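In UniProt numbering, the protein residues as written are 1 to 169.
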């Protein structure tokens, strides 16, 4: 049987990333912070406190505080609210979390992701990127390596990220 040429575009080569990478969330004023790449988590999450939904000009918004932690500077943020979803926490218990959409910068690439607002006080890293954030972007995660797309900034974030190797789950 004669083969016909495929009409699909050529597959993009997959990028290998580590289990920790430096990311930015520019719309939230966050740059060059260490995040855990967690393929066991469906949804991405950021450490947020004082989470308060409100209405602005007929649209749902949320106001929250990002506390100072692991490379994050404390700040108050307002963002359009995407919705509220049941999300399984690290203990396996479902909890309702507010979700926003924001831009992610990872390496030289930028795209939009959904992020849940969660209290991550007990976690070593304030941000996790779940599998839906990277699924469509042809990335492989090497669980034995970190910072394959670039080194973290010097200072507290780097020290805290080193401690995360043994304590974050």
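The beta carbon of each residue, even a glycine, is placed where N, CA and C say it ideally should be. All values reported here derive from a predicted model rather than from experimental measurement.
(request) Enumerate in chain order the residues of its own chain whose CB-to-CB distance from residue 14 is below 6 Å, with the five nearest sequence positions on each side excluded. (result) For residue 14, where only same-chain residues beyond five positions count, the Cβ hits under 6 Å are 138, 140.
(request) Determine the burial state of residue 19: buried for a count of at least 16 other Cβ atoms within 10 Å of its Cβ, exposed for fewer. (result) Per the 10 Å Cβ criterion, buried.
(request) Check whether the Cβ atoms of residue 150 and residue 22 sit closer than 7 Å, and answer yes or no. (result) It is a contact, given that the beta carbons lie within the stated cut-off.
(message) At the level of alpha carbons, what is the spacing between residue 105 and residue 28?
(response) Distance between the alpha carbons of residue 105 and residue 28: 12 Å.
(request) Just the C-alpha distance for residue 26 and residue 93, rounded to the nearest angstrom, thanks. (result) If you draw a straight line from the Cα of residue 26 to the Cα of residue 93, it is about 31 Å long.
(request) Please say whether residue 66 and residue 82 have beta carbons closer to each other than 7 Å? (result) Result no, Cβ atoms of residue 82 and residue 66 do not sit closer than 7 Å.
(message) For residue 123 and residue 112, what's the separation of their Cα atoms in angstroms?
(response) Taken atom to atom, the span from the alpha-carbon of residue 123 to that of residue 112 is near 24 Å.
(message) Less than 7 Å between C-beta atoms, sequence neighbours within five positions excluded: which residues of the same chain meet that for residue 187?
(response) What the structure shows of the chain is the stretch from 1 to 169, and residue 187 is not part of that stretch, so it cannot be assessed.
(message) Quick check on this structure: which residue in 53, 90, 86 has the alpha carbon closest to the alpha carbon of residue 78?
(response) For residue 78, the closest C-alpha among the options 53, 90, 86 is that of 53.
(request) Can you tell me which of the three DSSP states residue 87 falls into? (result) Judged by DSSP in its simplified three-state form, residue 87 adopts strand.
(message) Quick check: the Cα distance between residue 50 and residue 96, rounded to an integer number of angstroms?
(response) Taking the straight line from one Cα to the other gives about 15 Å.
(request) Return the Cβ separation of residue 39 and residue 148 in integer angstroms, given the expectation that the two are a contact with Cβ distance under 8 Å. (result) No, residue 39 and residue 148 are not in contact; Cβ-Cβ is about 15 Å, not under 8 Å.
(message) From the DSSP secondary-structure annotation, give me the bridge partner or partners of residue 139.
(response) Beta-bridge pairing links residue 139 to 15.
(message) One question on the structure: do residue 70 and residue 126 come within less than 7 Å of each other, judged by their Cβ atoms?
(response) A contact, by the Cβ cut-off of 7 Å.
(request) Identify every run of the alpha helix (DSSP H) within the UniProt domain "Retropepsin-like aspartic endopeptidase" (17 to 150), keeping only runs that are complete inside it and at least 4 residues long; order them along the chain. (result) Scanning the UniProt domain "Retropepsin-like aspartic endopeptidase" (17 to 150) for uninterrupted alpha helix (DSSP H) segments of 4 residues or longer gives 131 to 134, listed from N- to C-terminal end.
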